[in-house]
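Note sheet for the following structure.
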Amino acid sequence: REVVEVVCASGLSDRHCCQLFAIFAFATCGGYTGQLRVSVDCMEKASSNLSIGIDFAYPFRLHQVSFEAPLCEGMRRERVALIGDYSSSAEFFVTIAVFAFLYSLMATIVYIFFQNKYRENNRGPLIDFIVTVVFSFMWLVSSSAWAKALSDVKVATDPDEVQLLISACKIQTNKCGSVHGPRWSGLNTSVVFGFLNFVLWAGNIWFVFKETGWHKGAARYPGGAPEKQAGTFNQQPYNQGSFDQSGGYSAQGDLGQPSEYSQVGGPTSYSNQM
Numbered sequence: 002r003e004v005v006e007v008v009c010a011s012g013l014s015d016r017h018c019c020q021l022f023a024i025f026a027f028a029t030c031g032g033y034t035g036q037l038r039v040s041v042d043c044m045e046k047a048s049s050n051l052s053i054g055i056d057f058a059y060p061f062r063l064h065q066v067s068f069e070a071p072l073c074e075g076m077r078r079e080r081v082a083l084i085g086d087y088s089s090s091a092e093f094f095v096t097i098a099v100f101a102f103l104y105s106l107m108a109t110i111v112y113i114f115f116q117n118k119y120r121e122n123n124r125g126p127l128i129d130f131i132v133t134v135v136f137s138f139m140w141l142v143s144s145s146a147w148a149k150a151l152s153d154v155k156v157a158t159d160p161d162e163v164q165l166l167i168s169a170c171k172i173q174t175n176k177c178g179s180v181h182g183p184r185w186s187g188l189n190t191s192v193v194f195g196f197l198n199f200v201l202w203a204g205n206i207w208f209v210f211k212e213t214g215w216h217k218g219a220a221r222y223p224g225g226a227p228e229k230q231a232g233t234f235n236q237q238p239y240n241q242g243s244f245d246q247s248g249g250y251s252a253q254g255d256l257g258q259p260s261e262y263s264q265v266g267g268p269t270s271y272s273n274q275m
């Protein structure tokens, strides 16, 4: 399988690759935890906070993530929440990855231990073909949705955007800045693995289709024609002449009437006659 050989250089089977890539997809997304830090430098130095940590994680319900920031009015503080809820796209992506992993694992077990049941009545290949098409489509949809959601998460957790939510940062006498932003390498990897899973599953559609009865039925050619052609050559257009037991030669003329030429009598002796 060319697609599998290209993607899986380690020589694993296609279902093993589906399992491996699915694990990478939901592990990099579902296990993500990020942090950003901002600073609020008040004109009254005593109320300043130069390292405000903001933690967020999967499933990225940012509107539930809050932190305390100084108001720069004495020791008063305010609680600020981030903006946005991107849990639907993230959970959809992880759910597809988990189900793809489970199906690939089940398919591997069936291929190894239940090969006869798999090919019985051609049900196994047909079901496998339909499920492969569905997962290919779902990988494309979920990866695209998660890529768009990740772009929005990056904007919502940008330290420069978070500073706009803090009341003290809206006063010109106070100075606000970003200490560091989140690291996005893990989530970027999850998007890459999502589209790689789509390529892998879509590439397997043809190879699963070849195992179905649809492909085998289309490959059959109608028989019987060579036999008819061979039978036509066995017919004799005319009857050949044959020798009979009496030594005569019989032949059938053009009009179908037999003609016979026979040699009557034995051989004559030669004598000196004048």
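Going by my numbering, the first residue of the sequence shown is number 2, and it counts up by one from there.
C-beta atoms are modelled at their ideal positions from N, C-alpha and C, and glycine is treated no differently.
For this session: Go through its chain and collect everything with a Cβ distance to residue 84's Cβ below 7 Å, but skip five positions before and after it.
Result: The residues are 63, 64, 157.
For this session: Would you check if the region 72-90 and the region 40-60 touch, i.e. whether three or more CB-CB distances between them fall below 8 Å?
Result: When Cβ pairs closer than 8 Å are counted between the two stretches, the region 40-60 is seen to touch the region 72-90, the count reaching three or more.
For this session: Take residue 224 and list the residues in its own chain whose beta-carbon comes closer than 8 Å to its own, dropping the five residues that flank it on each side.
Result: Summary for residue 224: the model assigns pLDDT 47, below 50, so the residue's position carries little reliability, and this model does not support an answer.
For this session: Return the residue from the list 203, 142, 22 that minimises the CA-CA distance to residue 130.
Result: Answer by Cα proximity: 203.
Exercise. Just to confirm, are residue 160 and residue 144 a CB contact at a threshold of 9 Å?
Worked result: It is not a contact, given that the beta carbons lie outside the stated cut-off.
Exercise. Are the Cβ atoms of residue 138 and residue 100 separated by less than 9 Å?
Worked result: Not a contact, by the Cβ cut-off of 9 Å.
Exercise. Nearest to residue 166 by CA position, among 125, 188, 82, 105, is which residue?
Worked result: Answer by Cα proximity: 82.
Exercise. What number of angstroms, rounded off, separates the C-alpha of residue 66 from the C-alpha of residue 103?
Worked result: Approximately 32 Å, taken between the alpha carbons.
For this session: Please classify residue 1: is it buried, with 16 or more other beta-carbons within 10 angstroms of its beta-carbon, or exposed?
Result: Residue 1 falls outside the range modelled here, since the chain spans only 2 to 275, and no answer is possible.
For this session: Check the DSSP bridge columns for residue 157 and list the partner residues they point to.
Result: Partner(s): none; residue 157 has no beta bridge.
For this session: Can you tell me which of the three DSSP states residue 200 falls into?
Result: Residue state, collapsed to three classes: helix.
Problem set entry | Closest residue to residue 54 among 183, 213, 189, 152 (Cα-Cα distance) | Of 183, 213, 189, 152, the residue nearest in Cα terms is 183.
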